[in-house]
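Worksheet: one structure, shown below.
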Amino acid sequence: MFKIIPDSLKRPKTIWIGIALLFGLMLINVDRLFPPAKPPNQLVPSPISPGEFDTTPINDRNLATAEATIEQRLEKILSAIEGAGHVKVSVFLATGPKYEYAFNMTSNQRTVEEKDQGGGTRTTVENNQTEQLVLSRGIQAGRDEPVVTKEMKPEVQGVLVVATGASDPRVKIRINRAVETALDIEPYRVDVLPGEERR
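Letter by letter, the sequence shown follows residues 3 to 201 in the numbering used here.
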């Protein structure tokens, strides 16, 4: 047998143990150094109980989309008001919509009677209730979505309307009332300003 041992292997065992420990720690912490990539705009659903609304915050892009949808709808409505002229609307939402989801509930009751040595009877009743979120095939293929039973409208923080006809006080009042009615919001949340005539 060959007994050629490199000088590096003649060092004390503690050095090798230390190197092995360092290597082990590096392997354990590698997931912290390189976390797995998450797909963009993926929301992690929060646990929901029956009767509760899902208040998961929506991202800025979704909030901007909701605002733009309301703005387009309002501009179409307000432009139809006599004397309103050209209308531009800006909507500011405090929160997005909230949803209440459907649940399948299963309830089981089990009664157990036990007799003791003295001839007495003891009855125990066990109630078990399980709740499961109802899912259905969504618009996007291969993805299940929870069934919505109730939707709460987004909370509107304020609405700014600029209309060329708003210099007439009567038109301004009509525009104000139309926005309040369409969005079911208080008058102080609506501001209507006269705009310049388009040439």
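Each residue gets a CB set at the ideal place from its N, CA and C atoms; glycine is no exception. Remember, predicted model here, so these are calculated numbers, not experimental data.
Nearest-angstrom Cα separation, counted from residue j out to residue i
{"i": "Ser138", "j": "Thr151", "result": "13 Å"}
{"i": "Val181", "j": "Leu76", "result": "7 Å"}
{"i": "Ile164", "j": "Asp170", "result": "The residue you asked about is not Ile; residue 164 is Val in the sequence shown. Answer to the nearest angstrom: the Cα atoms are 13 Å apart."}
{"i": "Gln119", "j": "Ser109", "result": "33 Å"}
{"i": "Phe105", "j": "Asn64", "result": "26 Å"}
{"i": "Ile67", "j": "Met154", "result": "Reading off the sequence shown, one finds Thr at residue 67, where the question assumed Ile. Each residue's alpha carbon lies about 17 Å from the other."}
{"i": "Asp193", "j": "Gln159", "result": "12 Å"}
{"i": "Met107", "j": "Thr166", "result": "56 Å"}
{"i": "Ile126", "j": "Ile187", "result": "First, the residue type needs correcting, since residue 126 is Thr and not Ile in the sequence shown. C-alpha separation (whole angstroms): 54 Å."}
{"i": "Arg191", "j": "Val149", "result": "33 Å"}
{"i": "Ala96", "j": "Gln131", "result": "37 Å"}
{"i": "Leu185", "j": "Asp146", "result": "31 Å"}
{"i": "Met28", "j": "Ile17", "result": "17 Å"}
{"i": "Val93", "j": "Leu24", "result": "57 Å"}
{"i": "Val173", "j": "Thr183", "result": "15 Å"}
Burial state of residue i, where buried means 16 or more other Cβ atoms lie within 10 Å
{"i": "Ala86", "result": "buried"}
{"i": "Leu80", "result": "buried"}
{"i": "Lys117", "result": "exposed"}
{"i": "Ala70", "result": "exposed"}
{"i": "Ala168", "result": "buried"}
{"i": "Lys78", "result": "exposed"}
{"i": "Val114", "result": "exposed"}
Anticipated Cβ contact below 8 Å, residue i with residue j, distance rounded
{"i": "Pro156", "j": "Gly98", "result": "5 Å"}
{"i": "Ile72", "j": "Arg176", "result": "Not a contact, Cβ separation roughly 19 Å."}
Pair within 8 Å by beta-carbon distance, residue i and residue j
{"i": "Val161", "j": "Val91", "result": "yes"}
{"i": "Glu128", "j": "Arg112", "result": "yes"}
{"i": "Tyr103", "j": "Leu135", "result": "yes"}
Chain E contact for residue i (CB, 8 Å cutoff)
{"i": "Gln131", "result": "In the structure shown, chain E cannot be found, because there is only a single protein chain."}
Near the ligand MG: residue i beta-carbon under 7 Å from a heavy atom
{"i": "Arg172", "result": "Within the structure as shown, the ligand MG is missing, as the structure has no ligands at all."}
Practice task
Would you mind listing the beta strand (DSSP E) stretches within the stretch 130-175 that are 3+ residues and don't spill past its ends, in chain order?
Solution key: Counting only runs of 3+ residues, the beta strand (DSSP E) found wholly inside the stretch 130-175 occupies 137-139, 146-148, 150-154, 157-165, in chain order.
Exercise for the section: Enumerate, from N- to C-terminal direction, the unbroken alpha helix (DSSP H) stretches of 4 or more residues contained entirely within the stretch 66-121. Expected result: none
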